[in-house]
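Residue numbers (this note's numbering): 41 to 158.
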């Protein structure tokens with residue numbers, strides 16, 4: 041450092057460093073290091089556990105997805121069968137309706153003929 045001569049004649053060596061303040065700051069930082077180290081170790085342990093569990097969890101998820109796909113395929117087949125059955129019932133209903141209309145028409149003609157004959 042350069043020494044500067046002040047107008048008062050005293051020597052000024054620039055800003056002074058409060059060593060007690062620096063020591064307090066360093067002490068505070070050092071007191072945080074063990075806690076931070078423990079937290080890092082705990083997080084690393086959690087990560088390692090998750091990495092060990094991941095393959096089994098992924099296999100289980102794949103099995104569940106396969107089971108869901110099988111179930112969906114079964115439901116799709118049931119739906120298709122129900123649609124086919126519904127279509128067959130609709131066709132039978134339409135045939136019965138036409139037959140009923142035809143029979144009803146014949147019955148009306150017979151009643152009209154009966155009225156004429158009586």
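Don't be surprised by glycine CBs; every beta carbon is placed ideally from N, CA and C.
So what does DSSP say about residue 158, is it helix, strand or coil? coil
Determine the burial state of residue 52: buried for a count of at least 16 other Cβ atoms within 10 Å of its Cβ, exposed for fewer. Confidence in residue 52 is poor, its pLDDT being 49 and thus under 50, which makes the residue's placement unreliable; the coordinate value appears in the next sentence. Classification for residue 52: exposed.
In whole angstroms, what is the alpha-carbon distance linking residue 159 and residue 101? Given a span of 41 to 158 for the chain in the structure shown, any question on residue 159 remains unanswerable.
Is there at least one Cβ from chain C nearer than 9 Å to residue 141's Cβ? Judged by its chain identifiers, the structure shown contains no chain C, having just a single protein chain.
Span separating the alpha-carbon of residue 165 from that of residue 132: Shown here, the chain extends from 41 to 158; a query on residue 165 therefore has no answer.
Secondary structure, alpha helix (DSSP H): runs of 4+ residues fully inside the segment 114-151: Counting only runs of 4 or more, we get nothing.
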